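J.: Residue numbers (the numbering used here), protein chains in the order written: chain A, 1245 to 1381; chain B, 1245 to 1381. My questions will all concern the structure given below.
Protein chains: 2
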Amino acid sequence: MNIGEASERSGLPAKTIRYYEDISLVAPDRAENGYRDYSSSDVHRLRFLHRARNLGFSIDECRLLLSLYSDRNRASADVKAVAEQKLAEIDAKIAELQSLKSALQLLVDCCHGDDRPDCPILDDLAGQGGRKGHVLA
Amino acid sequence: MNIGEASERSGLPAKTIRYYEDISLVAPDRAENGYRDYSSSDVHRLRFLHRARNLGFSIDECRLLLSLYSDRNRASADVKAVAEQKLAEIDAKIAELQSLKSALQLLVDCCHGDDRPDCPILDDLAGQGGRKGHVLA
DNA sequence: CTTGACCTTCCAGTCACTGGAAGGATTAGC
DNA sequence: GCTAATCCTTCCAGTGACTGGAAGGTCAAG
């Protein structure tokens, strides 16, 4: 099938699919007219990539997962380890965002938000906070 | 002062400070020897940038905040609006990561993680999940 | 006078695409 | 058969926010 159909079936934009070929994640055949010709296993691979990317795996991690996938001898523990590390990264990211959020929330809460020019948010950013000290280090 | 000291005082790497000059966020003087010469208000500006970036504001948002900061007539509501939008973005990002996390957690939980080759994580990525269906759409 | 720390510019790379230009192939309609 | 629309190709450049490194100038200490 042509790239348009592969795109539809995998959910990935054609541009992205070509990019994945550039970086050797898929290697479709070529038809006589020079068009890429995707097999159903190519589409399978593309869907795998789509799903894994959606789960937050980087391209390199996807490459690893794909190689684990095609390695009939790999232990499931290997895959679990990759996934668990990713989970830990996601947790860390969430924690970081939450502390970000509470800092910003604090600033928003103490800003009266009217048409007067003084603003605790800018004051804090500028490093001139009042007695409460800075939200940021 | 030279860039090294400005870097120490602002907490930003010298490389980043030069980059900020490239994109017109700061405009230090130059000494006779060609070295950048930072005033204390330059450092002030750099610290502002450092803090705002740490709070998750993009460079363009920082540019806006800086212009609001130097506009003695702006209403605090303007700043609050920017901050609140950022808060909403952070919330959305957290929610996204949490759904990511639970999807991945589900997969990790049902992978036995031993040396047998079958692995629910890869099966799901490949689109061959069992009766439970896919974690991913 | 040399060593080392600091400064300069410029170029390239990161990550994962995304946009667009210029042109060839195919298909649908008239 | 012609034309227009759609699809495909390649290649180049840009995104955001830096970061690394090369090549070279400047300065302070010993």
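Even for Gly, the Cβ is constructed at its ideal location relative to N, Cα and C. The structure displayed is predicted, hence computed values, not measured ones.
Can you name the start and end residues of the alpha helix (DSSP H) that A/D1286 belongs to?
T.: 1284-1298
J.: Pull up the distance between the alpha-carbon of B/A1321 and that of A/V1352, whole angstroms please.
T.: 10 Å
J.: Considering just the uninterrupted stretch of the alpha helix (DSSP H) at B/A1271, what are its terminal residues?
T.: In the DSSP assignment, B/A1271 falls outside any alpha helix (DSSP H), carrying neither H nor E.
J.: Applying the 10 Å Cβ sphere with the 16-neighbour rule, what's the burial state of B/G1248?
T.: exposed
J.: I'd like to know whether the C-beta of A/Q1342 is nearer than 8 Å to at least one C-beta of chain B.
T.: Yes, A/Q1342 lies at the interface with chain B (some Cβ there is under 8 Å from its Cβ).
J.: With contact counted as at least three CB pairs below 8 Å, one residue from each stretch, are the segment 1339-1351 of chain B and the segment 1332-1341 of chain A in contact?
T.: In this structure the segment 1339-1351 of chain B lies against the segment 1332-1341 of chain A, because at least three pairs of beta carbons, one per stretch, are closer than 8 Å.
J.: Excluding the 5 residues preceding and the 5 following A/S1251 in the sequence, name in chain order all residues of the same chain whose CB lies nearer than 7 Å to its CB.
T.: So the list reads P1257, A1258, I1261, once near-sequence residues are dropped.
J.: Taking the alpha carbon of B/V1323 as the point to measure from, which residue in A/F1292, A/G1357, A/H1294, A/S1283 has its own alpha carbon closest?
T.: Closest option to B/V1323, Cα to Cα, is A/G1357.
J.: Determine, for A/L1269, whether the minimum Cβ-Cβ distance to residues of chain B falls below 8 Å.
T.: no
J.: What is the rounded straight-line gap between the Cα of B/D1281 and the Cα of B/R1297?
T.: 23 Å
J.: How would you list, in chain order, the residues of chain B whose beta-carbon sits under 9 Å from the beta-carbon of A/C1363?
T.: Simply L1312, Y1313, R1318, A1319, S1320, A1321, D1322, V1323, K1324.
J.: Residues of chain B with CB closer than 8 Å to the CB of A/K1345, please, in chain order.
T.: L1331, I1334, D1335, I1338
J.: Would you decide whether B/A1381 is buried or exposed? Buried here means 16 or more other CB atoms lie within 10 Å of its CB.
T.: Confidence at B/A1381 is low in this model, with a pLDDT of 47, below 50, so its placement is unreliable and the value that follows should be read with caution. Classification for B/A1381: exposed.
J.: Rounded to whole angstroms, what's the CA-CA distance from B/S1302 to B/V1270? Just pull it up for me.
T.: Rounded to whole angstroms, B/S1302 and B/V1270 show a C-alpha spacing of 16 Å.
J.: To be precise: take each residue of the segment 1290-1303 of chain B, compare its Cβ to all Cβ atoms of chain A, and keep it if any distance is under 7 Å. Which residues remain?
T.: R1291, F1292, R1295, A1296, N1298, L1299, G1300
J.: Run through chain B and tell me which residues come within less than 8 Å of A/E1328, C-beta to C-beta.
T.: V1352
J.: My output table needs one value for A/R1207: the three-state DSSP class, helix, strand or coil.
T.: Outside the shown range of chain A, which is 1245 to 1381, sits residue 1207 of chain A, and nothing can be said about it.
J.: Count the other CB atoms within 10 Å of the CB of B/D1367; is the residue buried (16 or more) or exposed (fewer)?
T.: The residue in question, B/D1367, is buried, as its Cβ has 16 or more Cβ neighbours within 10 Å.
J.: Just the chain A side, please: which residues come within less than 8 Å of B/L1348 by C-beta, in chain order?
T.: L1299, G1300, A1327, K1330, L1331, I1334
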